[in-house]
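Just so we're aligned, residue 4 is where the sequence shown starts under the numbering used here, counting upward by one. Ideal placement from N, C-alpha and C gives every residue a C-beta, glycine not left out. Predicted model only: the values in this text are computed from it and were never measured. Notes to accompany the following structure.
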Amino acid sequence: MTPRTSGKPRNNARKEAARNLQRLNPGMSYKQAFRQAGPDRGALAPHQPHLSTLLGVSSHHDIRAKYSRTEPDLTVPLGLSDTGHVVSINIDTASQGRGGTGAHGIVSGTTGSGATMVTMAIALALRAKNSPTLLQAALIDPDARVPSDADDLVDKTFRADDGSAAAWLTEQLATRQAALRSANARDFYDLPVDALPRLLLVVADEPRRSINYKSTPTAVSHALRQITAVGRQLGINLLLLCAHSSPEDLRQAIGHMGYRVSLGQVDDDLTHMLLDDADADLHRNVRTAPAGTAFLRTNDAQQDNGITQFTAAIADDALTAMVTATRSPV
Numbered sequence: 004m005t006p007r008t009s010g011k012p013r014n015n016a017r018k019e020a021a022r023n024l025q026r027l028n029p030g031m032s033y034k035q036a037f038r039q040a041g042p043d044r045g046a047l048a049p050h051q052p053h054l055s056t057l058l059g060v061s062s063h064h065d066i067r068a069k070y071s072r073t074e075p076d077l078t079v080p081l082g083l084s085d086t087g088h089v090v091s092i093n094i095d096t097a098s099q100g101r102g103g104t105g106a107h108g109i110v111s112g113t114t115g116s117g118a119t120m121v122t123m124a125i126a127l128a129l130r131a132k133n134s135p136t137l138l139q140a141a142l143i144d145p146d147a148r149v150p151s152d153a154d155d156l157v158d159k160t161f162r163a164d165d166g167s168a169a170a171w172l173t174e175q176l177a178t179r180q181a182a183l184r185s186a187n188a189r190d191f192y193d194l195p196v197d198a199l200p201r202l203l204l205v206v207a208d209e210p211r212r213s214i215n216y217k218s219t220p221t222a223v224s225h226a227l228r229q230i231t232a233v234g235r236q237l238g239i240n241l242l243l244l245c246a247h248s249s250p251e252d253l254r255q256a257i258g259h260m261g262y263r264v265s266l267g268q269v270d271d272d273l274t275h276m277l278l279d280d281a282d283a284d285l286h287r288n289v290r291t292a293p294a295g296t297a298f299l300r301t302n303d304a305q306q307d308n309g310i311t312q313f314t315a316a317i318a319d320d321a322l323t324a325m326v327t328a329t330r331s332p333v
């Protein structure tokens, strides 16, 4: 029998990782650093960049300058490659010559891998670059997986599974469909820029529940299934955050995803499905990578195999405060 080891050394390693993360990121609270260090990882990827640095934001004036634009900016810096280059996605559609990565995406990772950090950094970056009239972000988190202090990273949050999220989603779909009919428009891109804000919808739930292709749908999963099908037309971008999915759970959802991010997977079959690559060395790298190291798969990545490894950016407290202070209430 394998001797039982004390949890203290691992916890000490996590505390040390949190202190190192604070030193690398001035202004980050210990609570945030400790949470991002993760309970099962023991160490963090070195030199995790601040999201504010990648965005070129150092004051409220920088946010206001970005908000003065009349066209949305949908390019999101995710982090840095091992060569120091910024790794980005563009959540615009890949069709109609718009050159985007794709409207919908998925971030999947084990507990403590940094998956929540990556997901919420995407939401914060888009809100930092686009005024509320151009883009809004909402979080649906029925099991309260995302820490409550992340509420400042989005405009609207639904945590209780009490029907409010389903009602709001239904209203969003109806409002956007009515706007298209009224303007005799084919899709969101035919509307005036200020007619409706683009919506980033972050869903922290497993696809077997949130999209629910094989069983009787709930009101929320029915609306989300509609969004995977027609969200691009309606100006809705879906971002799934999941932690405990099986390959079978993800099989239906992945076909709708223009970008996929994998962190700390322990299931090689899941890594294979997310990254569409059977390479054993890649699977081992994903399993053993420190927290905050992520692997991006897109349909148009510049890498030969379509996969880019990067150190994820941190949604630093200073940027969160600047965006919250500058952004008008929704």
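Could you tell me the boundaries of the alpha helix (DSSP H) in which residue i lies?
i      : result
Pro293 : Premise fails: Pro293 is in no alpha helix (DSSP H) and is neither H nor E.
Thr329 : 320-329
Tyr192 : First-last for Tyr192: undefined, no H or E at that position.
Thr114 : Careful: Thr114 lies outside any alpha helix (DSSP H) and carries neither H nor E.
Thr178 : 167-185
Arg228 : 222-237
Pro250 : 250-257
Ala68  : 63-70
Leu278 : 271-278
With a threshold of 7 Å (Cβ to nearest heavy atom), would residue i be considered close to the ligand NAD?
i      : result
Val264 : Absent from the structure shown: the ligand NAD. Ligands present: none.
Does the beta-carbon of residue i have 16 or more other beta-carbons within 10 angstroms, so that it is buried, or is it exposed?
i      : result
Thr301 : buried
Thr113 : buried
His63  : exposed
Ser167 : exposed
Arg189 : exposed
Met325 : buried
Arg212 : buried
Thr323 : buried
Thr291 : exposed
Asn240 : buried
His107 : buried
Gly258 : exposed
Val149 : buried
Thr314 : buried
Ala126 : buried
Thr327 : exposed
Rounded to whole angstroms, what is the Cα-Cα separation between residue i and residue j?
i      : j      : result
Ala153 : Gln180 : 30 Å
Gly267 : Val110 : 11 Å
Val223 : Arg130 : 24 Å
Thr173 : Ala226 : 6 Å
Gly105 : Asp284 : 27 Å
Leu94  : Lys18  : Strictly speaking, residue 94 in this sequence is Ile, with Leu absent from that position. Approximately 35 Å, taken between the alpha carbons.
Leu27  : Leu244 : Residue confidence is low: Leu27 scores 49 on pLDDT, short of 50, so the model does not pin down where it sits. No coordinate-derived value is stated.
Ser116 : Leu203 : 23 Å
Met260 : Thr231 : 9 Å
Ala182 : Ala198 : 8 Å
Ala1   : Thr296 : Shown here, the chain extends from 4 to 333; a query on residue 1 therefore has no answer.
Val289 : Asp164 : 33 Å
Ala128 : Arg162 : 22 Å
Ile66  : Ala281 : 42 Å
Leu77  : Lys69  : 12 Å
Arg330 : Gln51  : 26 Å
Pro12  : Glu74  : Only weak support is given to the placement of Pro12: the predicted model assigns it a pLDDT of 44, under 50, and the value that follows is read from those uncertain coordinates. Their backbone Cα atoms lie some 51 Å apart in a straight line.
His247 : Asn187 : 43 Å
Met123 : Ser91  : 15 Å
Ala365 : Pro293 : Since the first and last residues shown for the chain are 4 and 333, residue 365 lies out of range.
Asp85  : Thr311 : 10 Å
Thr221 : His88  : 43 Å
Pro200 : Phe37  : 35 Å
Ala140 : Val157 : 5 Å
Ala147 : Glu209 : 13 Å
Leu57  : Ser249 : 33 Å
Val333 : Gly59  : Confidence is the limiting factor: at Val333 the pLDDT is only 46, short of 50, which leaves the residue's position unreliable, though a coordinate-based value still follows. The alpha-carbon atoms of Val333 and Gly59 are separated by roughly 25 Å.
Hey, quick one: how far does the beta strand (DSSP E) through residue i stretch, first residue to last?
i      : result
Pro80  : 78-83
Ser91  : 89-93
Thr160 : 159-161
Can you check DSSP and say which residues form a bridge with residue i?
i      : result
Val140 : Here residue 140 turns out to be Ala, not Val, going by the sequence shown. DSSP, once it has assigned bridges, lists Leu203 as partnering Ala140.
Tyr262 : Gly108, Thr301
Ala315 : Gly82
Leu243 : Ile109, Val206
His53  : Ile317
Ile310 : Arg300
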